[in-house]
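Have a look at the structure below before the remarks.
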Amino acid sequence: MLRLDGEANLFCDAPAEPTAFIQWVHQSRRGLLAYAIEHGSSSIEDTSRDALSVFDEQASPVVSTQAVFDVLAADAEHDGYLTCLLQRELLVHGGIFGDEEARAFAAAYFRQHGVPATPMDVAAYRAGVDGLFLSFVSAVGSQHDVASDGAVLLAPVGIDRALLDAAVGYGCVTDVVEELTGPVLAEWLGRDGDGARAVVLPVVNPLTGQVLTQRRARDLAGVVLRHNRDHPDRPVFVFSDVSGIESCHTEVIEFDTVPMGALTGVDVGDSSLGGMSAWTLDVVSPRMVLLTSRVAFAVTGNRWLRGAVNDWSITYGHANTCALDDLAAAAALCLTPRRWFDEANDHTANNLRLLREAVVRFNSAECGFEGLSIGSHVDGGWHTTVRFHQRLFPFSVDGSFDVFTSLLEYHCVVSDSMRVVLLPGELFSWYYDPDAVEPHVVLRVNLSAPREAFQAFLWQLGQCSSELWQRTWNACQRSARVMAVGG
Numbered sequence: 273m274l275r276l277d278g279e280a281n282l283f284c285d286a287p288a289e290p291t292a293f294i295q296w297v298h299q300s301r302r303g304l305l306a307y308a309i310e311h312g313s314s315s316i317e318d319t320s321r322d323a324l325s326v327f328d329e330q331a332s333p334v335v336s337t338q339a340v341f342d343v344l345a346a347d348a349e350h351d352g353y354l355t356c357l358l359q360r361e362l363l364v365h366g367g368i369f370g371d372e373e374a375r376a377f378a379a380a381y382f383r384q385h386g387v388p389a390t391p392m393d394v395a396a397y398r399a400g401v402d403g404l405f406l407s408f409v410s411a412v413g414s415q416h417d418v419a420s421d422g423a424v425l426l427a428p429v430g431i432d433r434a435l436l437d438a439a440v441g442y443g444c445v446t447d448v449v450e451e452l453t454g455p456v457l458a459e460w461l462g463r464d465g466d467g468a469r470a471v472v473l474p475v476v477n478p479l480t481g482q483v484l485t486q487r488r489a490r491d492l493a494g495v496v497l498r499h500n501r502d503h504p505d506r507p508v509f510v511f512s513d514v515s516g517i518e519s520c521h522t523e524v525i526e527f528d529t530v531p532m533g534a535l536t537g538v539d540v541g542d543s544s545l546g547g548m549s550a551w552t553l554d555v556v557s558p559r560m561v562l563l564t565s566r567v568a569f570a571v572t573g574n575r576w577l578r579g580a581v582n583d584w585s586i587t588y589g590h591a592n593t594c595a596l597d598d599l600a601a602a603a604a605l606c607l608t609p610r611r612w613f614d615e616a617n618d619h620t621a622n623n624l625r626l627l628r629e630a631v632v633r634f635n636s637a638e639c640g641f642e643g644l645s646i647g648s649h650v651d652g653g654w655h656t657t658v659r660f661h662q663r664l665f666p667f668s669v670d671g672s673f674d675v676f677t678s679l680l681e682y683h684c685v686v687s688d689s690m691r692v693v694l695l696p697g698e699l700f701s702w703y704y705d706p707d708a709v710e711p712h713v714v715l716r717v718n719l720s721a722p723r724e725a726f727q728a729f730l731w732q733l734g735q736c737s738s739e740l741w742q743r744t745w746n747a748c749q750r751s752a753r754v755m756a757v758g759g
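Using our numbering, the first residue of the sequence shown is number 273, and each one after it goes up by one.
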């Protein structure tokens, strides 16, 4: 049994700095800046930026602690505020003390990626990105009437099917498209219907690894801004998950990725259109580093949207968080060294190259057509898709159960004890579209698996695919002989 899915990075151990902070904060009951100063100087009384400079130079965190210090210093209510912030103890059983520091780090993270944010703009929620998504669609769907029919939601393939089904349970209607582009969005918005509209636009698609490049983001932003200008009574809102933005493993794409909330009318050629932050809920969670965290941070420039999301989060029991949890999430999000992501991304890119080579070998040497295929835009995240063409299977495929049955019956000629069992892990790991021109089944693969485990997976994938194709070929030959005899 080889499980190559799930959100975890299987190659890198958890980064040391966030882990060390989590241990430290439970012992000291002090916050992130106090931790950075203590580890950057010999005295906690030293509250100068020099200590933070030393920490930033040594730890190389994703977000500079100096930048956060400056943000808090600018908003300090009195001269002794920062000293109090650095030396106070958090409430033993949680509470709100410490949340402003976590929100300041999250605000600095958003600003680093171009999204307008201040600590007061950022909110922390304890249900993660999924809980925020459900609060978002509930808010948009009830913007005119709490008893309304719900929002009409547009999402790309790759959004967790269980999450979309949950949205349907909350009254939404969901439309899923293969790729979400400006023309696709414009056509969708032009359809008849008066329901509230919402769009899901992750910076990195969790299934395919496709990233939101600046060009595609500008096209989408132009459609949204012009639609909302022309139809102020029925605007479209955007849910933008920024969580995977540090995982771009293609060098050119790494500097060409942008969250939707960072764009303005200037980017689409019309400054009068305003900014996307007024129509976007940008969210981020540290789940790529700290899987156990249930905290997510959100920011929007739309006062109504923020209040509505917060109200629905309270309704669902998602709004209240503990200061220690907030700080741990902020540490995982902001204190993780850049080199940790660099190593993980380099390893992911190398495994992707090995996977492409294995697929080319199988297609050219075994079946003579694209029996296996990989997406063409795999530039971010730690996952991608391997597509099994329907012709690989010796019988009609109507769903994932048929695929599992076939794989369980697969016989490895090298060892009778070996079988391939591909666990879906999440409900969208398998995707089958019987109405497609060339139907295929999709396996979500975790590219972050260690080198030896990933090579073992590639070998098993090759053996399994060869066996499936051989059985299919034999079945075709038998059918041809039967038809010949019958003729």
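C-beta atoms are modelled at their ideal positions from N, C-alpha and C, and glycine is treated no differently.
query	result
Is the beta carbon of residue 470 less than 9 angstroms from the beta carbon of residue 423?	yes
Apart from the five residues just before and just after residue 562, which ones in its own chain have a Cβ nearer than 6 angstroms to its Cβ?	604
Grouping DSSP H, G and I as helix and E and B as strand, with all else coil, what is residue 655?	strand
Between which two residues does the alpha helix (DSSP H) carrying residue 510 extend?	No alpha helix (DSSP H) contains residue 510, which is instead part of the beta strand (DSSP E) from 508 to 513.
For residue 396, I'd like the list of residues in its chain whose CB is within less than 7 angstroms of its CB, leaving aside the five on either flank, ordered along the chain.	371, 374, 375, 567, 569, 593, 598
Does the contact criterion of 3 or more C-beta pairs under 8 angstroms hold for the stretch 619 to 635 versus the stretch 300 to 308?	no
From this set, 427, 381, 719, 290, which residue's C-alpha is nearest residue 450's C-alpha?	427
Any chance the stretch 569 to 580 sits against the stretch 394 to 414, with 3 or more Cβ pairs inside 8 angstroms?	yes
Any idea if residue 600 is buried or exposed, counting beta-carbon neighbours within 10 angstroms, 16 or more meaning buried?	buried
What's the gap between the Cα of residue 573 and the Cα of residue 493?	15 angstroms
Can you tell me whether residue 641 is helix, strand or coil according to DSSP?	coil
Compute the beta-carbon to beta-carbon distance between residue 719 and residue 649, rounded to the nearest angstrom, for a pair I have assumed lies under 8 angstroms.	Contact doesn't hold; Cβ gap of about 14 angstroms is too wide.
In its own chain, which residues sit with a C-beta less than 8 angstroms from the C-beta of residue 368, not counting the 5 before and 5 after it?	Bear in mind that the predicted position of residue 368 carries a pLDDT of just 47, short of 50, making it too unreliable to give a figure here.
Give the straight-line distance between the Cα atoms of residue 364 and residue 301, rounded to the nearest whole angstrom.	Caution is warranted here: a pLDDT of 46 is assigned to residue 364, below 50, making its placement in the model unreliable, and no coordinate value can be reported.
Using 8 angstroms as the Cβ pair cut-off and three pairs as the minimum, do the stretch 632 to 640 and the stretch 532 to 550 touch?	no
Is the number of C-beta pairs between the stretch 479 to 486 and the stretch 456 to 466 that are closer than 8 angstroms three or more?	no
Ignoring anything shorter than 4 residues, give me the alpha helix (DSSP H) runs that lie fully in the stretch 360 to 442, in order along the chain.	371 to 384, 400 to 413, 433 to 441
Does residue 614 pass the burial test, meaning 16 or more other C-beta atoms within 10 Å, or should it be called exposed?	exposed
Should residue 361 go down as buried or exposed, given a rule of 16 or more other Cβ atoms within 10 Å for buried?	exposed
Would you give the residue range spanned by the beta strand (DSSP E) that residue 577 belongs to?	No beta strand (DSSP E) contains residue 577, which is instead part of the alpha helix (DSSP H) from 575 to 588.
Let's test the definition: count the other Cβ atoms within 10 Å of the Cβ of residue 335 and tell me whether it reaches 16, buried, or not, exposed.	buried
Can you give me the C-alpha to C-alpha distance between residue 520 and residue 653, rounded to a whole angstrom?	6 angstroms
In angstroms with no decimal places, state the Cα-to-Cα distance between residue 726 and residue 564.	25 angstroms
Flag this pair as yes or no: are the beta carbons of residue 585 and residue 403 separated by less than 9 angstroms?	yes
Take residue 283 as the anchor and find which of 750, 721, 745 has the nearest alpha-carbon.	721
Using C-beta distances below 6 angstroms, list every residue in its chain close to residue 536, excluding the 5 sequence neighbours before and after it, in chain order.	547
Under the rule that 16 or more other beta-carbon atoms within 10 Å means buried, what is residue 612, buried or exposed?	buried
Measure the C-alpha to C-alpha separation of residue 366 and residue 496 and round it to an integer number of angstroms.	Confidence at residue 366 is low in this model, with a pLDDT of 45, below 50, so the placement of that residue is unreliable and no value is reported for it.
Of all the options 490, 740, 295, 505, which has the alpha carbon lying nearest to the alpha carbon of residue 538?	490
From residue 631 to residue 731, what does the alpha carbon distance come to, in whole angstroms?	11 angstroms
For the candidate residues 515, 660, 501, 587, whose alpha-carbon lies nearest to that of residue 558?	515
Given this structure, state the Cα-to-Cα distance separating residue 289 from residue 464, to the nearest angstrom.	52 angstroms
Is the beta carbon of residue 551 closer than 9 angstroms to that of residue 510?	yes
Take the Cβ of residue 377 as the centre, count every other Cβ of all protein chains shown within 10 Å, and call the residue buried at 16 or more, exposed below.	buried
Cutting at 6 angstroms between CB atoms, please list the residues of its own chain near residue 444, excluding the five before and the five after it.	409, 422, 423, 425
Exposed or buried, residue 529, counting other C-beta atoms within 10 Å across all chains shown (16 or more means buried)?	buried
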